[in-house]
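Contents: one structure, followed by commentary.
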Amino acid sequence: MIVCAPDMSVSIASKFGVEPCILTTPGRTSSARGVKVLADIGLTGARMGIDATMYLLFIRRVRPTWAITPDKFGDFRTTLAQWFRYSPIISKYSAPIFVGQEFHRPRIIDAVLDLARMHVVERVALPMRRHPDVSCGSQPRLCAERAERTLRALCGVAKHVHLLGPSLRSVRLLLAALRQCEQQGTVVSFDTAAYRRAPNSQVKKQLGGRWMPRNSDEAAAMLEAWLRQALL
Numbered sequence: 002m003i004v005c006a007p008d009m010s011v012s013i014a015s016k017f018g019v020e021p022c023i024l025t026t027p028g029r030t031s032s033a034r035g036v037k038v039l040a041d042i043g044l045t046g047a048r049m050g051i052d053a054t055m056y057l058l059f060i061r062r063v064r065p066t067w068a069i070t071p072d073k074f075g076d077f078r079t080t081l082a083q084w085f086r087y088s089p090i091i092s093k094y095s096a097p098i099f100v101g102q103e104f105h106r107p108r109i110i111d112a113v114l115d116l117a118r119m120h121v122v123e124r125v126a127l128p129m130r131r132h133p134d135v136s137c138g139s140q141p142r143l144c145a146e147r148a149e150r151t152l153r154a155l156c157g158v159a160k161h162v163h164l165l166g167p168s169l170r171s172v173r174l175l176l177a178a179l180r181q182c183e184q185q186g187t188v189v190s191f192d193t194a195a196y197r198r199a200p201n202s203q204v205k206k207q208l209g210g211r212w213m214p215r216n217s218d219e220a221a222a223m224l225e226a227w228l229r230q231a232l233l
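Sequential numbering of the sequence shown, starting at 2, is according to the working numbering.
Here it is, written out as structure tokens:
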């Protein structure tokens, strides 16, 4: 299992038996020697739109391992059109990932499966921070149930399935499905920056009563605490 985060390191990942990956965006770039990198436009970019030219220049400069292809929040059809437009360009510098907007709808699941079977799409990301009709932070079980149905359909068909920004509780609910997916030969991963707010009151107390980290050492400690709750 691959876990991507802005402050991820080999040493942190090794404590949890996962493969490390750096999460990067055009406004926040970071890297570590020998660690895979995932580039993303972010939820705001999917909702409000992005400067595609600037994003493609960013991809060309950073050359991440994987790159989320520009998508449109809650709009599968527009996202698919953008996939055909931008993925050939991104594939020159990175492995593009298609975002399965509206993936909880049965007809969309079928459409994504067809794309995967035809190898039009090999890597699929499932939005897990927010769906058009629900905030996954407030309803993590519902979002996890939707993702699990799609995961089980894509496992063994898609080359790689990625969860975009799942909550801690959603990760815990999906662990069994993710591990089963790996056994079927599909790479699985998720990314998170949710730990940048202390995941529990104990961590908040360790930070002197603060919810937010002040430096990279505190951010790394919070990431470890988040992963401990999510994966163990």
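Glycine included, each C-beta is placed from N, C-alpha and C at the ideal position.
In its own chain, which residues sit with a C-beta less than 6 angstroms from the C-beta of residue i, not counting the 5 before and 5 after it?
i: G101; result: V113, V125 and L127
i: A96; result: W67
i: V19; result: M2 and V4
i: A53; result: P71
i: R108; result: none
i: A47; result: D72 and F74
What's the gap between the Cα of residue i and the Cα of residue j?
i: E65; j: L44; result: Here residue 65 turns out to be Pro, not Glu, going by the sequence shown. In a straight line, the C-alpha of P65 is about 19 angstroms away from that of L44.
i: S12; j: V158; result: 32 angstroms
i: V135; j: F74; result: 13 angstroms
i: A195; j: P89; result: 31 angstroms
i: A178; j: H163; result: 12 angstroms
i: Q203; j: M223; result: 11 angstroms
i: V38; j: I23; result: 5 angstroms
i: K160; j: F85; result: 18 angstroms
i: T26; j: D41; result: 5 angstroms
i: D76; j: E103; result: 7 angstroms
i: H120; j: M9; result: 31 angstroms
i: F191; j: R34; result: 20 angstroms
i: Q207; j: K93; result: 45 angstroms
i: H132; j: D115; result: 22 angstroms
i: R180; j: I51; result: 34 angstroms
Pull up the DSSP beta-bridge partners for residue i, would you.
i: R131; result: S136
i: R81; result: Just to set this straight, residue 81 is Leu in the shown sequence, not Arg. Bridge partners of L81: none, in fact.
i: H161; result: R124 and V188
i: T25; result: A40
i: F74; result: DSSP lists no partner for F74.
i: P97; result: A68
How many whole angstroms separate the CB atoms of residue i and residue j, which I take to be in contact at a CB cut-off of 8 angstroms?
i: G210; j: S168; result: Rounded, the Cβ-Cβ distance is 24 angstroms, inconsistent with contact.
i: I98; j: I60; result: At roughly 12 angstroms, the Cβ-Cβ gap does not stay under 8 angstroms, so I98 and I60 are not in contact.
Quick one: residues in its chain with C-beta nearer than 7 angstroms to the C-beta of residue i, no 5 flanking neighbours on either side, listed in chain order?
i: C182; result: L152, C156, V162 and V189
i: T80; result: D72, K73, V100 and Q102
i: R118; result: V158
Please return the same chain residues whose Cβ sits closer than 8 angstroms to the Cβ of residue i, not counting the five positions on each side in sequence.
i: E225; result: I13 and K16
i: R150; result: H105 and I110
i: L57; result: Y87, I90 and I91
i: V233; result: The sequence shown places Leu at residue 233, not Val. Result list for L233: F17, in chain order.
i: N201; result: A226 and Q230
- Task: Check whether the segment 140–150 touches the segment 160–176, counting contact only when three or more Cβ pairs, one atom from each stretch, lie closer than 8 angstroms.
- Result: yes
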